[in-house]
Amino acid sequence: MEQELPKIDITEDFVIGSNADIDLNILNLYTRYPCRLKAEIFVLCMNGSIEASINLSEYTIKKNDFVTLSPGSIIQINKIEGDLKLYFMVFSSEFINGLNKNKSIIDLIYITKSHPVLSLPEEFASIYEEFFWLMMKVYYKKRSPYNPEILKCMLLSILYRLSDMYHEQPIRSETGSSRSEEICKTFGHLVIQHYTQERNITYYAKQMNITPTHLSNTVKHVTGKTVMDIISEVVIVDAKAQLKSTNIPIHEIAESLNFPNVSFFGKYFKRLTGMSPQQYRNSDK
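Start counting the sequence shown at 1; every next residue gets the next number (our numbering).
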């Protein structure tokens with residue numbers, strides 16, 4: 001593979017900055033391939049727009065939008081438009097787990113898994129931008145042993161206000177959703193969490209306290225896809241991400257996705273994509 005796609009992961013507890021600090025070509029790389037996150041990412045967009053797929057749902061991220069992406073999320077950037085201006089905070093799972101979280105923060109984590117993009121009123125977007133600037137100053141200033149604790153306090157301030165915003169604003173996808181749509185969303189989130197270990201409709205139906213037949217019929221009615229179509233789609237997205245974003249041997253990718261052997265994985269991948277894993281890795285697709 002001529003060029004290895006950078007993974008969205010960090011080797012330290014936190015990275016804070018803006019798109020002015022990174023090469024835009026790095027973002028453009030993600031327009032070609034999906035990527036699985038290994039860190040918690042918060043993004044504030046102040047100009048321009050990004051069309052992206054987050055856990056198989058399509059979003060347009062625009063001015064004044066705040067985005068929360070959890071570890072394990074699968075993302076792909078589809079289009080970048082305008083004079084993009086955004087700020088980002090990336091935290092390791094260990095750093096996030098070390099926060100002193102109360103119920104409102106725990107609820108926020110749950111809500112953002114279903115609704116990762118929140119549109120902020122102009123005044124609050126400006127306040128959040130100031131917070132990002134302040135956190136960047138702390139981050140870039142001469143490192144001190146107190147920096148992690150300072151950043152934890154500042155991050156919690158942002159998250160508490162964000163929690164208020166989610167509860168103050170009606171979330172359209174919830175209030176306008178039918179019971180069938182909510183079943184599909186719950187199913188989708190369960191698949192994202194468990195697809196490497198569980199690919200059986202009975203497992204997901206049991207987790208949701210409904211019958212396999214009800215789950216199957218509901219998913220088909222709402223999405224036009226079968227339950228197995230959706231599970232396979234997530235598996236293939238992860239497989240493609242690993243094939244394009246890493247040099248991990250194919251047999252190890254098969255193992256990470258819980259296939260019994262590389263031959264079974266190869267047949268599964270080719271049946272769904274028309275290419276062998278190696279052919280896909282070497283291709284421009």
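Glycine included, C-beta positions come from ideal geometry on N, C-alpha and C. Please read these numbers as outputs of a predicted model, since none were measured by experiment.
Top-ranked residue by Cα proximity to residue i, from the options
i           : options               : result
residue 131 : 279, 18, 275 and 259  : 18
residue 74  : 201, 102, 41 and 279  : 41
residue 201 : 221, 186, 231 and 178 : 231
residue 179 : 84, 189, 199 and 222  : 222
residue 67  : 86, 78 and 79         : 86
residue 98  : 274, 155 and 256      : 155
residue 14  : 102, 188, 147 and 239 : 147
residue 84  : 140, 104 and 63       : 63
residue 45  : 82, 53 and 188        : 82
residue 238 : 181, 168, 119 and 191 : 191
residue 117 : 245, 218, 105 and 57  : 57
residue 12  : 39, 108, 279 and 133  : 39
Rounded separation between residue i and residue j - CA only
i           : j           : result
residue 268 : residue 88  : 37 Å
residue 220 : residue 184 : 9 Å
residue 196 : residue 136 : 37 Å
residue 138 : residue 151 : 8 Å
residue 228 : residue 199 : 8 Å
residue 128 : residue 158 : 7 Å
residue 194 : residue 124 : 36 Å
residue 275 : residue 121 : 46 Å
residue 257 : residue 282 : 20 Å
residue 72  : residue 250 : 20 Å
residue 259 : residue 144 : 46 Å
residue 162 : residue 105 : 9 Å
residue 55  : residue 207 : 19 Å
residue 210 : residue 234 : 22 Å
residue 253 : residue 263 : 12 Å
As assigned by DSSP and simplified to three states, the class of residue i
i           : result
residue 266 : helix
residue 176 : Interpretation of residue 176 is limited by its pLDDT of 46, a score under 50 that renders its predicted location unreliable; the figure taken from the coordinates is listed afterwards. Residue state, collapsed to three classes: coil.
residue 278 : helix
residue 248 : coil
residue 259 : coil
residue 12  : coil
residue 114 : helix
residue 232 : helix
residue 313 : Outside the shown range of the chain, which is 1 to 285, sits residue 313, and nothing can be said about it.
residue 107 : helix
residue 283 : coil
residue 209 : coil
residue 102 : coil
residue 220 : helix
residue 272 : helix
residue 3   : With a pLDDT of only 39 at residue 3, under 50, the local geometry of the prediction cannot be trusted, and no value is derived from it.
residue 225 : coil
Sequence-distant residues of its chain with Cβ nearer than 7 Å to residue i (five each side left out)
i           : result
residue 60  : 49 and 51
residue 212 : 201, 202 and 205
Proximal residues to residue i (C-beta, below 6 Å), its chain only, five neighbours per side dropped
i           : result
residue 112 : 68
residue 164 : none
residue 79  : 51
residue 284 : none
Same chain, Cβ closer than 8 Å to residue i, neighbours up to 5 away in sequence not counted
i          : result
residue 33 : 5, 76, 240, 241, 244 and 245
*asked:* Runs of 4 residues minimum, wholly inside the stretch 122–204: which ones carry the alpha helix (DSSP H) assignment?
replied: 122–140, 147–168, 172–175 and 179–194
*In the stretch 12–95, which residue ranges form an unbroken alpha helix (DSSP H) of at least 4 residues, counting only runs that do not cross its ends?*
Those alpha helix (DSSP H) runs which fall completely within the stretch 12–95 and span 4+ residues are 24–29.
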